[in-house]
Amino acid sequence: MDTKLPTKSSELLQAAIKGTISAIPVVGGLIAELGSCLVSPLDKRKREWCDEVEKALQILRSQYHKLPEALAEDPAFVTALLKATATALATHRKEKWVLLRHFLVSVGSRAIPDEEMQHALIRLLDDLSIGHIEVLRFLEADYGLLKAKETLEAIYGRYHYEHKGELDRITFR
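Basically my numbering = 1-based index in the sequence shown + 17.
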């Protein structure tokens, strides 16, 4: 049994909820333990995302001379941070986290000054799978394919060959 007393208000709230659920006859203990199992991975994900945000803040400080205090007062950056955090916590894909970190740096450095564009980009980062993002990277890197007006089948054939068939034909479309 854990005898350590919780110190933070969130820990106190968790302990109170767990205690209340545990009091339910027969299934309460099981439900409380299952809740603990879910909270732990979420806490881990939160900590890992905080590390990514810290990296973004370090880049903004060292390369763009943006102090965290100033960014905290910037409504556009705060909105971007909140939206990026919601997206990050909803995925386990580290590749998306890197893209979200780049998004925060772009917003904080004013590389993307238009808030409508920021909103569109965060929606795309949330909606697109890593596979879809890879297709976009492929098309960007080999823009000549599109410019030469090759057929979609020819473009897919080259993508399939270079990426070992990561996406099937239907998903690629």
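C-beta atoms are modelled at their ideal positions from N, C-alpha and C, and glycine is treated no differently.
(request) Determine the direct distance from the alpha carbon of Thr102 to that of Val115, and round the result to whole angstroms. (result) Walking along the sequence shown from the start, residue 115 turns up at place 98. Walking along the sequence shown from the start, residue 102 turns up at place 85. When rounded, the distance between both Cα atoms is 12 Å.
(request) Tell me whether Glu69 sits in a helix, a strand or coil according to DSSP, three-state version. (result) Within the sequence shown, the letter at position 52 stands for residue 69. If DSSP states are grouped into helix, strand and coil, Glu69 belongs with the helices.
(request) Measure the C-alpha to C-alpha separation of Leu84 and Leu145 and round it to an integer number of angstroms. (result) Working through the sequence shown from its first residue, we reach residue 84 at position 67. Working through the sequence shown from its first residue, we reach residue 145 at position 128. Going from the Cα of Leu84 to the Cα of Leu145 covers about 31 Å.
(request) Put Thr188 into one of helix, strand or coil per three-state DSSP. (result) As a first step, residue 188 must be located in the sequence shown, where it is residue number 171. It is helical.
(message) If I measure Cβ to Cβ from Ala171 and keep anything under 6 Å in the same chain, skipping five residues before and after, which residues do I get?
(response) One-based indexing of the sequence shown puts residue 171 at position 154. So the list is empty, once near-sequence residues are dropped.
(message) Buried or exposed, going by whether 16 or more other CB atoms sit within 10 Å of the CB of Arg118?
(response) Within the sequence shown, numbered from 1, the residue matching residue 118 stands at position 101. Arg118 is buried by the Cβ-count criterion.
(message) Within 10 Å of its beta-carbon, does Ala137 have 16 or more other beta-carbons around it, so buried, or fewer, so exposed?
(response) Your numbering for residue 137 matches position 120 in the sequence shown. It is exposed - the Cβ of Ala137 has fewer than 16 other Cβ atoms within 10 Å.
(request) Mind checking which residues open and close the alpha helix (DSSP H) that includes Glu167? (result) Here residue 167 is taken as the residue at index 150 of the sequence shown, counted from 1. Premise fails: Glu167 is in no alpha helix (DSSP H) and is neither H nor E.
(message) Suppose the cutoff is 7 Å on Cβ atoms and the five residues either side in sequence are ignored; what does the same chain contact list for Thr188 look like?
(response) Against the sequence shown, residue 188 aligns to sequence position 171. Taken in chain order, the residues that qualify are Gly148.
(request) Ignore the nearest five residues each way along the sequence and tell me which others in Leu74's own chain have a CB closer than 6 Å to its CB. (result) To locate residue 74, count along the sequence shown from 1; it is residue 57. Pro85, listed in sequence order.
(request) Can you give me the Cβ contacts of Trp66 inside the same chain, cut-off strictly under 7 Å, excluding the 5 residues immediately before and after it? (result) Walking along the sequence shown from the start, residue 66 turns up at place 49. The residues are Thr102, Ala105, Leu106, Trp114.
(message) Taking only three categories from DSSP, how would you classify Asp143?
(response) For the purposes of this step, residue 143 is taken as residue 126 along the sequence shown, with counting starting at 1. Three-state result, Asp143: helix.
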